[in-house]
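Chemist: Residue numbers (this note's numbering): 11 to 501.
Where a beta carbon is used, it is the ideal one built from N, C-alpha and C, also for glycine.
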């Protein structure tokens, strides 16, 4: 391959494949280096160094170098050598080679392989900013497994798996379609862009499209729970309290929410007001006047809802849909019970809490009773409530308050470091160490920030966790949050 052929190849491949010339040049360098290595019979062990090729982007001429590690034991194979710092390798320029027919053919095959890899990477780079966003395309064809191949542009295809279509979707070839980009798989040689119409983000994006107050970030979507194609719950709140968020999302005569429902094939959508208080949020989510009481257990992340016997079916909803969506949206396990059972359950829960306080604090029942009367209803609250809350209790001073807080924190830290995957400490605090990817150092850091259980961690987003632990790796953060959420009960 002479310089003219290389320049021509860079130009043609760049135009035909829609990738930049630099990516093509890098692919050519890798392919020529592989051809040289093959012709020179250089072993992959790295003991004889690695071949590196540098192409002059202007003239098309190329220079061949042999890179030899100064410490051969520092590398395991030939592919690690070019990644070493310059000061750790010896670079030797080699004379130009006359390639034989086999080497030229192998180089051309490798060039196309490298160009396809560059093409996939270019596609990923172009679309990574659209992850979680809605894209539009045309149905090009269907696979044997009924997955839809969607043409996004003249050159770009995406796949919409059959399982990510709504049950009522009935698209044909040539139909226009909207979906959310949920994954980019660079390593996949067939499909790199994966779409979904069942993702929660589909609902979020449709509301952003139909409701200017959401797209302008005047109204915030705080949470979405969804049974795709059947029903969704969307919790919203205004960032400016002068704005009527509910009216903004519903629209005049319901036109805005109806437009979202139409795109989702008639999926029923409940819009509700978000509240940071889980008790009030439960009432908003269930939206039923027959809810008589809501009792929370923060340690076990459970909520007991008391309703008259004849109204339990209304709360549960058809096939349990309503309570499932409420549980998914709030992130707490919701138990719906008849009023009499709820009272008994509340008494039992108070007895259990009293016993756990006595055991954890190693305190007498009179002191624990004072704490309960003072509004302390969880071990976490004992550990992290402000001193002032303790001092409001008759007979409590600062020394006693600090002693109680220290004992509660010791218990929370011990629970967080519990390595038993099925462990559930007194008070319902599941050990953070049961999560895949968790380390003792990280669990200790989390516990010091009042994140002492799996259920605590499940409530955080990656960005929120980064704010309180800035040095935490984002990938690890995403992994442990996902594991925590997977472990949460769904009813």
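#1: Which value, in whole angstroms, describes the spacing of the CA atoms of residue 236 and residue 243?
#2: Taking residue 28 as the reference, give the member of 265, 164, 150 and 63 with the closest Cα.
#3: Starting from residue 280, follow the alpha helix (DSSP H) in both directions and report where the run begins and ends.
#4: May I ask which residues mark the beginning and end of the beta strand (DSSP E) holding residue 316?
#5: Of the residues 493, 360, 375 and 283, which one's Cα is nearest the Cα of residue 472?
#6: With three or more beta-carbon pairs closer than 8 Å as the criterion, would you say the region 355-375 touches the region 405-421?
#7: Would a C-beta distance cut-off of 9 Å place residue 72 and residue 13 closer than the cut-off?
#8: Since residue 38 contacts residue 65 with CB under 8 Å, what's their CB separation in whole angstroms?
#9: Count the C-beta pairs between the region 253-260 and the region 289-301 that are closer than 8 Å, then say yes if the count reaches three, no if not.
#10: Going by the CB atoms, is the gap between residue 199 and residue 132 shorter than 9 Å?
#11: Assign residue 419 to one of two classes, buried (16 or more other C-beta atoms within 10 Å of its C-beta) or exposed (fewer than that).
#12: Near residue 126, what residues of its chain come up, given a Cβ to Cβ distance below 8 Å and the 5 sequence neighbours on each side ignored?
#13: For residue 217, does the count of other Cβ atoms within 10 angstroms reach 16, so buried, or fall short, so exposed?
#14: Buried or exposed for residue 107, please, with buried defined as at least 16 other CB atoms from any protein chain shown within 10 angstroms of its CB.
#15: Roughly how many angstroms lie between the CA atoms of residue 223 and residue 123, to the nearest whole one?
#16: Can you give me the C-alpha to C-alpha distance between residue 387 and residue 139, rounded to a whole angstrom?
#17: What does the Cβ neighbour count give for residue 155, buried or exposed, with the cut at 16 atoms within 10 Å?
#18: Rounded to whole angstroms, what's the CA-CA distance from residue 333 to residue 495? Just pull it up for me.
#19: Curious, which full-length beta strand (DSSP E) runs of at least 3 residues does the region 240-301 contain?
#20: What does the Cβ neighbour count give for residue 267, buried or exposed, with the cut at 16 atoms within 10 Å?
#21: Can we say the region 140-150 touches the region 110-124, given the rule of at least three CB pairs closer than 8 Å?
#22: By alpha-carbon positions, which one of 467, 189 and 203 ends up nearest to residue 195?
#23: Would you mind reading off the limits of the beta strand (DSSP E) that contains residue 67?
#24: Is it true that the CB of residue 15 sits closer than 9 Å to the CB of residue 31?
#25: Go ahead and label residue 309 buried or exposed: buried means 16 or more other beta carbons lie within 10 angstroms of its beta carbon, across all protein chains shown.
#26: Hey, out of 185, 453 and 201, whose CA is closest to residue 166's CA?
#27: Jot down the residue ranges of each uninterrupted beta strand (DSSP E) in the region 73-124, minimum 3 residues, whole runs only, in chain order.
#28: Nearest-angstrom Cα distance between residue 434 and residue 207?
#29: Measure from the alpha carbon of residue 174 to the alpha carbon of each residue in 220, 193 and 60, then state which is nearest.
#30: Taking the C-alpha atoms as reference points, what is the distance between residue 130 and residue 269?
#31: Do residue 463 and residue 486 have their beta-carbon atoms positioned less than 9 Å apart in this structure?
#32: Can you give the Cα-Cα distance for residue 76 and residue 475, rounded to whole angstroms?
#33: Using CA coordinates, which residue listed in 277, 197, 357 and 185 is at the minimum distance from residue 146?
#34: Give the DSSP-derived three-state secondary structure of residue 12 in the structure shown.
#35: Checking 9 Å against the spacing of the C-beta atoms, do residue 240 and residue 272 come in under that value?
#36: Under 6 Å Cβ to Cβ from residue 423, same chain only, skipping five residues before and after it: list those, please.
Modeler: According to the structure shown:
#1: As a first step, residue 236 must be located in the chain shown, where it is residue number 226. As a first step, residue 243 must be located in the chain shown, where it is residue number 233. Answer to the nearest angstrom: the Cα atoms are 6 Å apart.
#2: In the chain shown, counting from the first residue as 1, residue 28 sits at position 18. Comparing Cα positions, the closest option is 164.
#3: As a working mapping, residue 280 is identified with position 270 in the chain shown. Run containing residue 280: none in the alpha helix (DSSP H); it sits in the beta strand (DSSP E), 278-283.
#4: Mapped onto the chain shown, residue 316 falls at position 306. Segment 312-317, the beta strand (DSSP E) holding residue 316.
#5: On the chain shown, position 462 is the one that residue 472 refers to. Considering only alpha carbons, the answer is 493.
#6: yes
#7: Sequence index remark: in the chain shown, residue 72 carries index 62 (1-based). Sequence index remark: in the chain shown, residue 13 carries index 3 (1-based). Yes, they are a contact pair.
#8: If you number the chain shown from 1, residue 38 lands on position 28. If you number the chain shown from 1, residue 65 lands on position 55. About 6 Å separates the two Cβ atoms, so the contact holds.
#9: no
#10: Residue 132 sits at position 122 when you count from the first residue of the chain shown. Residue 199 sits at position 189 when you count from the first residue of the chain shown. Not a contact, by the Cβ cut-off of 9 Å.
#11: For this step, residue 419 is matched to residue 409 along the chain shown. Its Cβ being crowded by 16 or more others within 10 Å, residue 419 is buried.
#12: The residue you call residue 126 lines up with position 116 of the chain shown. Contacts found: 199.
#13: On the chain shown, residue 217 is found 207 positions in, with the first residue counted as 1. Answer is buried; the Cβ neighbour count reaches 16.
#14: Translated into the one-based positions of the chain shown, residue 107 becomes position 97. Exposed, since its Cβ has fewer than 16 Cβ neighbours within 10 Å.
#15: As a working note, residue 223 is residue 213 in the chain shown. As a working note, residue 123 is residue 113 in the chain shown. Cα to Cα, the separation comes out at about 47 Å.
#16: As a first step, residue 387 is located in the chain shown; it is residue number 377 there, counting from the start. As a first step, residue 139 is located in the chain shown; it is residue number 129 there, counting from the start. Their backbone Cα atoms lie some 44 Å apart in a straight line.
#17: For the purposes of this step, residue 155 is identified with residue 145 of the chain shown, where counting begins at 1. Classification of residue 155: exposed, given that the 10 Å Cβ count is below 16.
#18: In the chain shown, residue 333 corresponds to position 323, counting from 1. In the chain shown, residue 495 corresponds to position 485, counting from 1. If I take the Cα positions, the gap works out to 18 Å.
#19: Listed in chain order, they are 241-248 and 278-283.
#20: Taking the first residue of the chain shown as position 1, residue 267 is located at position 257. Under this definition residue 267 is a buried residue.
#21: Contact fails: fewer than three Cβ-Cβ distances are below 8 Å.
#22: Working through the chain shown from its first residue, we reach residue 195 at position 185. For the residues 467, 189 and 203, the minimum Cα distance to residue 195 belongs to 203.
#23: The residue labelled residue 67 in the question sits at position 57 within the chain shown. Note, residue 67: premise wrong, no beta strand (DSSP E); not H, not E.
#24: Locating residue 31 in the chain shown gives position 21, counting from the first residue. Locating residue 15 in the chain shown gives position 5, counting from the first residue. It is not a contact, given that the beta carbons lie outside the stated cut-off.
#25: Sequence index remark: in the chain shown, residue 309 carries index 299 (1-based). Burial call: buried.
#26: In the chain shown, residue 166 corresponds to position 156, counting from 1. Answer by Cα proximity: 201.
#27: Those beta strand (DSSP E) runs which fall completely within the region 73-124 and span 3+ residues are 99-104.
#28: Locating residue 434 in the chain shown gives position 424, counting from the first residue. Locating residue 207 in the chain shown gives position 197, counting from the first residue. Since pLDDT at residue 434 reaches only 40, below the 50 mark, its modelled position is unreliable, and no value is offered.
#29: Counting from one through the chain shown, the residue named residue 174 turns up at place 164. Out of 220, 193 and 60, 193 has the C-alpha closest to the C-alpha of residue 174.
#30: For the purposes of this step, residue 130 is taken as the residue at position 120 of the chain shown. For the purposes of this step, residue 269 is taken as the residue at position 259 of the chain shown. Taking the straight line joining both Cα atoms gives about 35 Å.
#31: Position 476 of the chain shown, counting from 1, holds the residue named residue 486. Position 453 of the chain shown, counting from 1, holds the residue named residue 463. No.
#32: By one-based count along the chain shown, residue 76 stands at place 66. By one-based count along the chain shown, residue 475 stands at place 465. Their backbone Cα atoms lie some 46 Å apart in a straight line.
#33: What you label residue 146 is simply residue 136 of the chain shown in a count that begins at 1. Residue 146 has its Cα closest to that of 185, out of 277, 197, 357 and 185.
#34: In the chain shown, the residue the question calls residue 12 occupies position 2. Coil at residue 12, not helix or strand.
#35: Taking the first residue of the chain shown as 1, we reach residue 240 at position 230. Taking the first residue of the chain shown as 1, we reach residue 272 at position 262. No, the Cβ-Cβ distance between residue 240 and residue 272 is not below 9 Å.
#36: As a working note, residue 423 is residue 413 in the chain shown. Closer than 6 Å at Cβ, skipping near neighbours: 457.
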